[in-house]
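Q: Just passing along the structure, written as structure tokens.
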Amino acid sequence: MQRGLFRFTSKARLYPGTYSLPPCFGQTAAVRSSIRFSVRIGERPFTNLHRVPYKYDLRIRCMQPISDPSILKRWFSASRSFLRHHVPQHPQRKTSFLGILDKIPSNAIFYGIIGINVAVFTMWFMAIQKYKQEGDPSAVLWMERNFLNSWKNLTSGRIWTPLTACFSHQDWSHILLNGFTFYFMAPVVLEMLGSRQFIFLYMGGGLVASFASMTYAQLTGKYNHASHGASGAIYSVVSLLACAAPKLTFQLYGIIPVPAWLAVAGLFSYDLYSTLSAKNGTTDTVGHIGGMIAGIGYFLMRRFRVF
């Protein structure tokens with residue numbers, strides 16, 4: 003006779019939490035004698051995925067001894083449609099750093115970031131049109147001083163530029179490709195992380211990309227190099243999603259299905275090759291690499307509960 007905690011792998015897809023069955027569903031004498039039990043499904047350590055069903059290792063704690071623990075597995079498989087889900091009551095957590103950000107609805111974060119990127123792009127477009135039509139470069143120069151990432155801006159006291167560059171695009175192809183990527187991938191990461199952590203990821207990834215780009219420019223003697231940083235911030239979101247769900251299918255250019263891990267590995271390899279061979283043209287491939295590394299690092303820190 004055994005009692006206590008029994009485990010087996012289940013292919014059912016349930017929400018994490020506590021489950022119980024009414025006493026009338028006992029199918030054998032052994033099960034009826036130990037009907038008082040709960041099914042515990044531990045939450046994943048990295049995300050807020052308690053809202054998402056997934057496969058799990060089932061743990062049943064029996065309050066009374068039974069002779070054959072395998073009976074529980076057969077019995078659960080036959081009766082799980084009658085399970086009652088008890089929503090867990092989490093103890094009140096300590097106040098997190100900038101925890102108020104979690105009160106912002108995820109849709110507000112999502113469309114807010116898109117809106118800021120569109121607004122900055124519109125400012126670039128109008129400044130360039132003014133220069134082309136009137137020959138007045140003042141608006142373009144103002145945008146370069148405040149929305150481009152460079153050592154010149156940073157050493158001139160414009161310390162906000164590594165952050166404002168995270169929302170900066172200058173041409174249509176740039177913003178359309180980044181916007182397409184962000185639109186389809188950011189909502190999944192937002193659901194996993196929550197508003198506060200997603201803001202930290204986007205901003206942190208953009209800052210890492212900005213400083214990686216500036217550092218590489220200094221090391222290679224390109225002291226006047228300036229770049230937009232939105233791609234690095236978005237790449238951090240993409241790489242984190244690939245780490246969290248490596249078998250997730252990405253639609254390359256909206257057409258070609260590619261596993262997430264392969265897509266990010268391919269992008270990283272291409273940008274690294276372009277950087278080392280100096281074939282990156284006007285694209286800031288170092289910023290892309292910095293953003294991807296930031297996303298992977300953020301995943302690992304969350305995965306191992308660094309913060």
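With the working numbering applied, the sequence shown has no gaps in its numbers, which climb one by one up to 309 at the end. The beta-carbon is built from N, C-alpha and C at its ideal position, and this holds for glycine as well. Quick caveat: nothing in here was measured; it's all calculated off a predicted structure.
#1: With burial defined as no fewer than 16 other Cβ atoms inside 10 Å of the residue's Cβ, what is the status of residue 307: buried or exposed?
#2: Using the beta-carbon count (16 or more within 10 Å), is residue 292 buried or exposed?
#3: Could you give the DSSP three-state label for residue 229: helix, strand or coil?
#4: Going by C-alpha distance, which of 140, 166 and 159 is nearest residue 151?
#5: Quickly, what does DSSP pair residue 254 with across the bridge? List them, please.
#6: State buried or exposed for residue 131, treating a residue as buried only when at least 16 other CB atoms are found within 10 Å of its CB.
#7: According to the neighbour-count rule (16 or more other Cβ atoms, all chains shown, within 10 Å of its Cβ), is residue 302 buried or exposed?
#8: Pick out whichever of 156, 250 and 197 has its Cα sitting closest to the Cα of residue 227.
#9: Express the C-alpha separation of residue 104 and residue 2 in angstroms, rounding to a whole number.
#10: Over what stretch of residues does the alpha helix (DSSP H) that includes residue 156 continue unbroken?
#11: Would the stretch 204-214 and the stretch 231-250 be scored as touching if the rule is three or more Cβ pairs under 8 Å?
#12: DSSP three-state call for residue 244: helix, strand or coil?
#13: How many Å lie between residue 107 and residue 172 at the Cα?
#14: Would you call residue 278 buried or exposed, if buried means 16 or more other Cβ atoms sit within 10 Å of its Cβ?
#15: So, do the stretch 121-135 and the stretch 169-184 have three or more beta carbon pairs nearer to each other than 8 Å?
#16: Given a threshold of 16 other Cβ atoms within 10 Å of its Cβ, counted over all protein chains shown, does residue 280 qualify as buried or as exposed?
#17: Give me the Cα-Cα distance between residue 262 and residue 146, rounded to the nearest whole angstrom.
#18: What number of angstroms, rounded off, separates the C-alpha of residue 60 from the C-alpha of residue 234?
#19: Quick one: residues in its chain with C-beta nearer than 8 Å to the C-beta of residue 111, no 5 flanking neighbours on either side, listed in chain order?
#20: List the whole-angstrom C-beta distance separating residue 254 from residue 243, where the pair is believed to meet the contact cut-off of C-beta under 8 Å.
#21: How would you write the range of the alpha helix (DSSP H) that residue 126 sits in, first residue to last?
#22: Just to confirm before moving on: does the CB-CB distance between residue 116 and residue 185 stay below 9 Å?
#23: Please go through the same chain and pick out, in chain order, the residues whose beta-carbon is closer than 6 Å to the beta-carbon of residue 295, but skip the five residues on each side of it.
#24: Can you grab the Cα-Cα spacing for the pair residue 141 / residue 134, in whole Å?
#25: Residue 280 by DSSP, collapsed to three states: which one?
#26: Could you say which of 99, 168, 274 and 160 lies nearest to residue 210 if we only look at CA atoms?
#27: Quick check: what's the CA-CA separation for residue 230 versus residue 160?
#28: Just the C-alpha distance for residue 114 and residue 187, rounded to the nearest angstrom, thanks.
#29: Residue 119 and residue 177 look like a contact to me (Cβ under 8 Å); what is the Cβ gap, rounded to whole Å?
#30: Between residue 153 and residue 222, what straight-line distance do the alpha-carbon atoms span, to the nearest angstrom?
A: Taking the definition as stated:
#1: exposed
#2: buried
#3: strand
#4: 166
#5: 258
#6: exposed
#7: exposed
#8: 156
#9: The structure shown does not extend to residue 2, since the chain spans only 3 to 309, so no value can be given for it.
#10: 153-157
#11: yes
#12: helix
#13: 29 Å
#14: exposed
#15: yes
#16: exposed
#17: 35 Å
#18: Low local confidence applies: a pLDDT of 47 at residue 60 is under 50, so the model's placement there is unreliable, with the coordinate-based value given in what follows. Each residue's Cα considered, the two are about 40 Å apart.
#19: 192, 197, 200 and 201
#20: Going by Cβ atoms, the distance from residue 254 to residue 243 rounds to 15 Å, so no, they are not a contact pair.
#21: 108-136
#22: yes
#23: none
#24: 11 Å
#25: coil
#26: 168
#27: 15 Å
#28: 15 Å
#29: 7 Å
#30: 13 Å
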